[in-house]
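**Student:**
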Amino acid sequence: MTTRLPACCLILFSFVAATGRLAVVSAAEPLAPRIDQLIDAGQVGPVASLASDSEFLRRVTLDLTGDLPSSVEARAFLDDATPNKRELLVDRLLASPRYPIHMANVFDVMLMERRPATHVTVIEWQKYLQEAFVANKSYDQLAREILSSDGVDPALRPAAKFVMDRAAEPNLLARDTARVFFGMDLQCAQCHDHPLVDHYLQTDYHGMYAFFQRTTLFADAAQKKSFLAETSHGDASYKSVFTGDAGQTRPRLPGENELDEPRFRQGEDYSVAPAANVRSVPKYSRRAKLAELATNGTNRQFNVNITNRLWAQFMGRGLVHPVDLHHPDNPPSHPAVLDLITNEFVAMKYDMRWLVRELVLTKTYQRSIDLPADPAPQLAAAVQQTPVVEAEHVRLKGIADASRKAADAVREEWKAARKTLEPAEAAWKAAEAEVAKIKKPVDDALVALAATAVATTAKQTAITAVNEAAAKTTEAAKLLPADKELAGAVATFTAKQTQLAMELAALQKQATDQTAAHAAAGVKLTEGYPPADAAYAALVEAAKPIDAARAKFLVAWNQHKADAALAGAQKKKLEQLQAHVALNTAIASAAAAQAAVEPTKAELAAAMLAVEQQQVEVTKQTTAVAEMDKVMVEATKLFDESKVAFVAKQGVVQSVVEAIAKTDAVLAKLPGDAEITLVVAKLKEKHEPLAKEAATLEQAMVAKDAAAKDVAGKLAALKQTLVVATTEMATRQQTVTSKTNIVNQAVAAVPTTQAAVASGRVQLAELWTNAAGVRVLKQLNPEQLAWAALQSTGVVEPQRPGAEAEIEKTIPKASVAADPALAKTREFKVASQIHEIHRGNVNAFTLLYGGSAGPGQDDFFASVDQALFVANGGSVIGWAGGGQLIGRLMPLIEPKAIAEEMYLSVLTRRPNDAEIAETTHQLTARAAERPAALRDLIWALVTSAEFRFNH
Amino acid sequence: MRCNYACGSGEHTMARRQFLGTMAAGTGAIFGGMSMLARPAISAELNKQQKRVLVFNMHGGLSQLESWDPKPGTPTGGPFRAINTSVPGTQICELWPETAKQMHRLAIVRSVNTGEDDHGKGIKAMMTGRREMPGVENPSLGAVVAKAVSNEASGLPGHIQITAGGGGRANDSAYLGPKYAGLYLGNGQPPANTVRPDAIAAAADEQRNAMRRAANERFLSRRRTAMTDAYTYSYEQAQQLMAQRDIFDVSKESEADQARYGKHDLGRHCLLARRLIESGITYVQVSHSNYDSHNENFIFHGEQIGEFDRPFATIVSDLADRGLLESTLIVVLSEFGRTPNINHLVGRDHWGKAWSVLLGGGRIVPGAVVGKTNDKGTEVTDRQVDHGHLFHTYLQAVGVDTSKSFDIGGRPIPIADPAASGIKELLA
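Going down the list, the protein sequences come from chains A and B.
Read in order, the letters of the first sequence are residues 11 to 961 in the working numbering.
Read in order, the letters of the second sequence are residues 71 to 498 in the working numbering.
Here it is as structure tokens:
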């Protein structure tokens, strides 16, 4: 056996040292406050207040036991004034028998992702996991067992489920191991470098694949069971369907170099060589090597994967999220926290109970789900910080881009170097093929020997049987010497014995010959080794520059990944800040919009006042015009009357004048006529006063006319004033219209800007949640939901006596009185028994609420099937109507007491006044059907969003 | 009935749209488009635009020679004649006299080569549009259609399988999640838990739901997310489904229709399929068993097709008469075809190399015939396609852009195999 030098080690360690991943840590100080310090230091946004006692109790009980506290426990905890009662509660729950049962469920789903059981039953597997958590088996040990078990050792057979129930399919195992144990979903890197994740290379996939490629399922016909077998040869080769780049890779762990593997000569490479119906066991197992190297504390990706997954399990979201997409462009929300918990966890020798305890004691875990108010200082600070962070991001991105270029260049060098290996590789392969040819007689001889051995054994068995029969027959012949038939039989047996002895001798001779042939072939094989050994040595020599090139690439690549991670983290921070700035801007816009409303309203009011004032003026002027109109009418009337009087008088005067003229004419024809002369005189006498009267009337008429003209002038002036006033009025009304528009615009701007604020808040709520400042609202997983429904309605405890009785058969209560450890074991067994009793009930939930087999078990979905099951399926209604809870409620009289018992049992909190009032109302309204009313009250709480999400 | 915090008013719709828009940009880890909440009621117009897919799975492997690609008078042709159809120049096997009259509404692909002769692998390839890869589960056509085409606001299941027996949910939706898994109506039975139990009176049911909503409102005033919306909405959808439970009851169809489809199981299943399609179910698949005729191929196909031809032709004609064919894709497929060679038991064996699929409706060009096989039917000679091309074609026929991806927990996964594409000449 020759061993290749582990040339990669120095490089690896220098990388580790450079990035401080394995800095010396001290576990003396409790971890929880250190996590909180780091979270606080990195907090961009505000943090939620700590959850109330009831919320904490519900949360931590569900998270540590997968179950709800009883109303008795809830009351006791809520009313307990002990300052450190939360810590005491955590320790109680960690010591509870439900802790291992729940953690086994969690790890079952995490590792098997609800795949159907094929070789290891769920019960065997969960029992194995439960025992691991009872004993607080370290995670490295657990992972080692799971990755390396071949299913032979009964104690470790369940651990082989991970591989066996994936049918030992190497692609599936490469993919799931990379995801589940290393947090990298490499699926898309099987046929080419990952198209969407820059940092997942095809060689990463095939490096993982190589660990599993030699493992197969072996069905043992005799035992009617399958185990895992492994061969000693087979290498992972790849060819990119995009670039055509092709090569071979030995196994490699994420971030590390290809393994330096021992070489065994053909014929010396198996502990148990492959043959028909034989489970082959190589001297060097790649799968065992994976288990060993992944868990030895040095592979960072293995370590951060589990701490991140445990963090996600308890915090509701991974520091790296999704938990199987660790890569530089998806950096952790808090890189320093991930480093801290990972380093400490490794220093604490992968102690899961310790880490879980520290995690649930952090303030981060205890945050409320209630969103904090807008944090003005943080928003303002974000505005200040953004340019600095942005500049830093640009700088870091520049560094990452540069190191990417450098890494790509080195990668090309490595690819080019790889080609130079081809002759040495071909020569070695040819040499090995030659050895295989020489080895064939050895194998054939072994097969033949085995066949001879089988034949020999059969022959010996026959000889023994014949010998026994012959002895008996000889004895009988002695007793009955005259019996010919017996004598004949003795002769026959004797002949047979002789024949068989000869045949056996022949077989033995054959065996000797075959052994000699085998030995001879073996010698030949030994003679055949040196050329292959030499070819291999030459290959190793030829590979040195390539190994060096690959190592160089790995250093450059890891450097780039580290750079990219820094840039990615900075980008994340920048995006957070930008969201805060955006909200700040939106709030300012909303405030400005809101503030803008009042001044515009004031302007509108002023304009409206001006209109009102002008209205007064217009009214005044209108009145004046009207009055003047009246005066005008009067003056016109007076003029008209005087005119009429004058015209009438004028007419009379005219008649008199005409009469005088006509009489004068008559007098001229009748000169001196006395009568006529008298008439003329009289007429002339009449004319004088009449003419005077007419002149007076005319004067009066002229006066009235002047008066009327005067009034008309005044009226015209007044009307002009009115026109001016009306015009002003129109102007002012226009101003009101335009001001009204402005007000409307200002008012309309408010909801738009407020919507921007609301959407900014939603975005920030998510960011704060992702940044661990606010508790994630996450659903109960299917098992938690089932157990919470069972426990709250009170159908778990009735199973206890039966479970107790069952366990009493093996561990009597009397036997544990003086043995606390045994008492604990007994307690666990009872809890486990109850768990099994309810498996069917729980399965009904996992079928509906669990994801399809495969990745994504933590993703949320709500379906009509679920709602129909809860609404109309028998289970939940039956439990609500027939469990111990309703049994406790029935005798209670006060609605307040009923509400309290119900809310404590189902929602782990006391009801508020509105809830008490609602309960009272329901019970009063449905007094005639009290059991149904209580059942429906319980049902409504169990189906509420609070029950489904709050913990 | 809607919960009172989701009254469907414009204001809520607006706020929620913005809210969900933000959510979509952030957490991707929520199955099911949440756009449902932004839509108020399903209008008749929407219902008309709703696309549907109706698949007939000829379980066991329908012989292309006894159906869509007859080769009468050749050594491989078998005893049956070819008959004229409503499409001039297109002939099919004489076992399909009724379907022959509907061929102007349908199209044939005669050049399918999936190269898969195993029942399990064959049907998986045909139903997922991808060849099986170890460790990779892909969602079936029904799940993909339900996810990509369904109206999320509807309480009705998007993906229904009508089979001779069984019930419950299939496990065929892979990463799309159980919501889109096939709901089996074993022998036409309605889905589970759709009847209110006797113990809960109607009034009590209303009251308990009102209490549930009130409890939700109290809690959601503290914190509300897309998840809580999806959860509370699922109960409202459940009630919608219960209210429409009759759509699963084929006995509600007229006596005349029941007689037209035939009172045998397949007739009932086809009539139920029509009822479901008319009720707005997105994907309905009817299985007809069994065409795996390794012996007595001609007798078996005669019997099976004798049962299938009339109800199938009836549903094609009914959907056309109702104006639904434009929005409904119909596919008749199998896991593979059958060997041109007739074996010594007068049977035909598994044959994935050169066989046919029938389809029509949606964007499919009526009367089209794509691809050819040689005279004996042993090789594809023109326009060879496989399950990948067909899968793209089905989806494109109902308006799905198959170059897009689903967002699964933040990871984009292509809707259909990016290495394949739709059969352009089949798509109008």
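Yeah, the Cβ is synthetic: ideal placement off N, Cα and C, and Gly gets one too.
Can you list, in chain order, the residues of its chain whose CB lies under 8 Å from that of Ile347 (chain B), leaving out five sequence neighbours each side?
**Tutor:** Arg122, Leu124, Val354, Leu389, Leu394, Thr398
**Student:** For a contact meaning CB atoms closer than 7 Å, what does Ser873 (chain A) contact in chain B?
**Tutor:** Pro248, Lys249, Ser304
**Student:** Note the first and the last residue of the continuous alpha helix (DSSP H) segment covering Asn568 (chain A).
**Tutor:** Segment 494-679, the alpha helix (DSSP H) holding Asn568 (chain A).
**Student:** Return the CA-CA distance between Ser802 (chain A) and Ser80 (chain A), expressed in angstroms with no decimal places.
**Tutor:** Taking the straight line from one Cα to the other gives about 7 Å.
**Student:** So what does Ser359 (chain B) bridge to, in DSSP terms?
**Tutor:** Ser359 (chain B) is bridged to B:His129.
**Student:** Rounded to whole angstroms, what is the Cα-Cα separation between Val654 (chain A) and Val676 (chain A)?
**Tutor:** Whole-angstrom Cα-Cα distance: 33 Å.
**Student:** Going by C-alpha to C-alpha distance, which of A:Pro342, A:Leu510, A:Gln764 sits closest to Ala577 (chain A)?
**Tutor:** Considering only alpha carbons, the answer is A:Pro342.
**Student:** Going by the beta-carbon positions, is the gap between Pro338 (chain A) and His209 (chain A) smaller than 8 Å?
**Tutor:** yes
**Student:** Using a C-beta to C-beta distance shorter than 7 Å, which residues of chain B count as neighbours of Leu951 (chain A)?
**Tutor:** Ala285
**Student:** Does Asp361 (chain A) have its Cβ less than 8 Å from a Cβ in chain B?
**Tutor:** Answer no: the Cβ-Cβ gap between Asp361 (chain A) and chain B never drops below 8 Å.
**Student:** Checking 8 Å against the spacing of the C-beta atoms, do Gly562 (chain B) and Gly256 (chain B) come in under that value?
**Tutor:** Residue 562 (chain B) lies beyond the residue range present for chain B, which begins at 71 and ends at 498; the question has no answer from this structure.
**Student:** So with CB distances below 9 Å, who are the chain B contacts of Asn882 (chain A)?
**Tutor:** Ala262, Asn263, Thr264, Val265, Arg266, Pro267, Ile270, Ala308, Met312
**Student:** Just list the residues that DSSP pairs Ile478 (chain B) with in beta bridges.
**Tutor:** Ile478 (chain B) is bridged to B:Arg481.
**Student:** Quick check on DSSP: helix, strand or coil for Val416 (chain B)?
**Tutor:** Secondary structure at Val416 (chain B): coil, using DSSP grouped into helix, strand and coil.
**Student:** Measure the alpha-carbon distance for Asp452 (chain B) versus Arg380 (chain B) and round it to whole angstroms.
**Tutor:** 31 Å
**Student:** Are the C-beta of Ala942 (chain A) and some C-beta of chain B separated by less than 8 Å?
**Tutor:** yes
**Student:** If you run the structure through DSSP and keep just helix, strand and coil, what is Pro761 (chain A)?
**Tutor:** helix
**Student:** Are the CB atoms of Leu858 (chain A) and Ile896 (chain A) within a distance shorter than 8 Å?
**Tutor:** no
**Student:** Please determine, among A:Gln388, A:Arg560, A:Glu179, A:Asn318, the residue with the shortest C-alpha to C-alpha distance to Pro332 (chain A).
**Tutor:** Of the listed residues, the one whose Cα sits closest to Pro332 (chain A) is A:Asn318.
**Student:** Distance check for Val445 (chain A) and Ala547 (chain A), CA to CA, integer angstroms please.
**Tutor:** 15 Å
**Student:** I'd like to know if Pro167 (chain B) contacts chain A, where contact means its C-beta is closer than 8 Å to some C-beta of that chain.
**Tutor:** Answer no: the Cβ-Cβ gap between Pro167 (chain B) and chain A never drops below 8 Å.
**Student:** For Trp778 (chain A) versus Pro56 (chain A), is the C-beta distance shorter than 8 Å?
**Tutor:** yes
**Student:** Tell me the residue span of the beta strand (DSSP E) that contains Phe406 (chain B).
**Tutor:** Neither: Phe406 (chain B) is in no beta strand (DSSP E) and is coded neither H nor E.
**Student:** Tell me which residues of the stretch 467-479 of chain B have at least one Cβ-Cβ distance to chain A shorter than 8 Å, keeping chain order.
**Tutor:** If the cut-off is 8 Å between Cβ atoms, the stretch 467-479 of chain B has Ile478, Gly479 near chain A.
**Student:** Please classify Pro149 (chain B): is it buried, with 16 or more other beta-carbons within 10 angstroms of its beta-carbon, or exposed?
**Tutor:** exposed
**Student:** Straight-line CA distance for Thr646 (chain A) to Met618 (chain A)?
**Tutor:** 41 Å
**Student:** Going by C-alpha to C-alpha distance, which of A:Glu478, A:Ala505, A:Phe855 sits closest to Leu878 (chain A)?
**Tutor:** A:Phe855
**Student:** Give the straight-line distance between the Cα atoms of Asn754 (chain A) and Ile597 (chain A), rounded to the nearest whole angstrom.
**Tutor:** 20 Å
**Student:** What residues in its chain sit with their C-beta under 6 Å from that of His462 (chain B), if we drop five residues either side in the sequence?
**Tutor:** Thr472, Ala486, Ala490, Ser491, Gly492
**Student:** For Ala474 (chain A), which option in A:Asp150, A:Leu510, A:Thr502, A:Phe838 has the closest C-alpha, if you only look at C-alpha atoms?
**Tutor:** First, the residue type needs correcting, since residue 474 (chain A) is Thr and not Ala in the sequence shown. Of A:Asp150, A:Leu510, A:Thr502, A:Phe838, the residue nearest in Cα terms is A:Leu510.
**Student:** Give the residues from the stretch 326-340 of chain B that approach chain A closer than 9 Å (Cβ to any Cβ), ordered along the chain.
**Tutor:** Listed in sequence order: no entries.
**Student:** Can you give me the Cβ contacts of Ala239 (chain A) inside the same chain, cut-off strictly under 8 Å, excluding the 5 residues immediately before and after it?
**Tutor:** Result list for Ala239 (chain A): Asp160, Thr225, Thr226, Leu227, Phe228, Pro284, Arg289, Ser290, Val291, in chain order.
**Student:** Relative to the alpha-carbon of Gly458 (chain B), which residue among B:Arg433, B:Lys194, B:Arg175 has its alpha-carbon at the smallest distance?
**Tutor:** B:Lys194
**Student:** Which of helix, strand or coil does DSSP assign to Thr75 (chain A)?
**Tutor:** When DSSP states are grouped into helix, strand and coil, Thr75 (chain A) belongs to the helix group.
**Student:** Any C-beta of chain B sitting closer than 8 Å to the C-beta of Glu442 (chain A)?
**Tutor:** no
**Student:** Using 8 Å as the threshold, is the C-beta distance between Val635 (chain A) and Lys729 (chain A) below it?
**Tutor:** yes
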